[in-house]
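Just so we're aligned: the sequence shown equals residues 1 to 255 in my numbering. Structure, as structure tokens:
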Amino acid sequence: MNSRTRAVTWTLVGAMVLSVVSGVVLARLSGAAPERTTFVAVLITVNSVAVLAGLTATIAEAIMLGLSGSRRRAGFIVTGRAFRIPPRTDLRLNVVLGILITGPLGGMMWRSPDSRGIAIAFVTCMAILIALILAVGPGPVLELRPTGVYWNARIFRRHIPWEALAPGGPGRPRPSDSRLPLIVTRPELVTQRGPRLGSGTAERPFLSLTMEVQPAFLADAIHWYADHPEDRPAIGTQAEHDRLRTALGAAPAPA
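Here's what the structure looks like:
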């Protein structure tokens with residue numbers, strides 16, 4: 001777990017704790033029938049904290065995206081078995097505001113016995129929705145493996161063997177492009193499962209370029225392995241990563 005993933009995980013845990021505590025406090029205050037001024041003050045405080053924390057998470061995600069965009073490098077993460085490319089930002093930050101408002105809204109609905117069923121249904125639905133989003137994880141991960149190109153978006157996975165790709169491609173994307181189309185000549189070799197989520201078909205697959213790598217370097221690397229089957233078995237090793245960067249004319253890696 002890298003530092004960014006750890007920070008987002010702790011942010012999510014903190015949001016869940018704050019949401020539960022604020023929901024319980026509001027529910028208890030509602031049952032105790034406090035003075036209106038006290039209840040309103042607590043309500044405003046809780047909602048203000050939730051909104052501010054949600055905005056902070058949104059700003060942090062935007063900063064993370066901007067910083068990663070300015071320093072994307074010509075290289076991959078070497079795992080020993082593959083070259084991995086993680087997403088540029090953590091999609092789980094998008095649910096922080098939803099987590100923070102679930103508890104307070106549930107606590108407010110708990111004020112009368114008639115609305116408690118609605119409160120339970122609301123919290124349950126929100127919990128399921130948030131759990132599904134969290135299950136997707138930080139975002140899709142792309143790997144170049146000795147066997148081919150592997151795309152893992154949790155609810156959708158696709159493996160494109162090198163033998164399925166046409167030599168000579170793909171071409172370098174333009175700076176404005178957000179996806180990289182791959183040229184497949186043998187779609188029957190492509191395996192995939194789950195909803196495609198706008199990633200094309202087995203005959204015309206696309207790779208998202210919102211990844212932590214220079215798009216041109218990614219395209220050149222896939223192009224290289226489509227043309228050079230003799231280099232595929234070494235994919236995932238540091239020696240092959242260094243050789244690939246040299247072959248593609250990438251700048252020396254920082255110390």
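Note that CB positions come from ideal geometry on N, CA and C, so glycine has one too.
Under the three-state reduction of DSSP output, Trp110 falls in the coil class, being neither helix nor strand. By the 16-neighbour rule on beta-carbons within 10 angstroms, Leu129 is exposed. For the pair Gly148 and Pro86, the CB atoms are not nearer than the 9 Å cut-off.
By the CB criterion at 9 Å, Gln238 and Val8 fall outside the cutoff. In the DSSP assignment, Val149 is bridged to Leu144, Ile160. In the DSSP annotation of this structure, the continuous segment of the beta strand (DSSP E) that includes Pro181 starts and ends at 179-181. Shown here for Asp220: same chain residues with a beta carbon closer than 8 Å to its own, the five before and five after excluded, namely Arg172, Leu248 in chain order.
Setting aside the 5 residues that flank it on each side, Ile120 has no residue in the same chain whose C-beta is closer than 7 Å to its C-beta.
A Cβ-Cβ distance of about 5 Å is found for the pair Arg154 and Val136, placing them in contact under the 8 Å criterion. Linking His223 to Ser199 through their CA atoms gives a straight-line distance of about 19 Å.
Between the C-alpha atoms of Asn94 and Glu143 there is a straight-line separation of about 24 Å. In the structure shown, the three-state DSSP call for Thr210 is coil. Annotation for Gly106: Gly23, Ala119, Phe122, Val123 place their beta carbon closer than 7 Å to its own, counting only its chain and skipping 5 residues before and after. Beta-carbon to beta-carbon, Trp162 and Arg232 are separated by about 6 Å, close enough to satisfy the 8 Å threshold.
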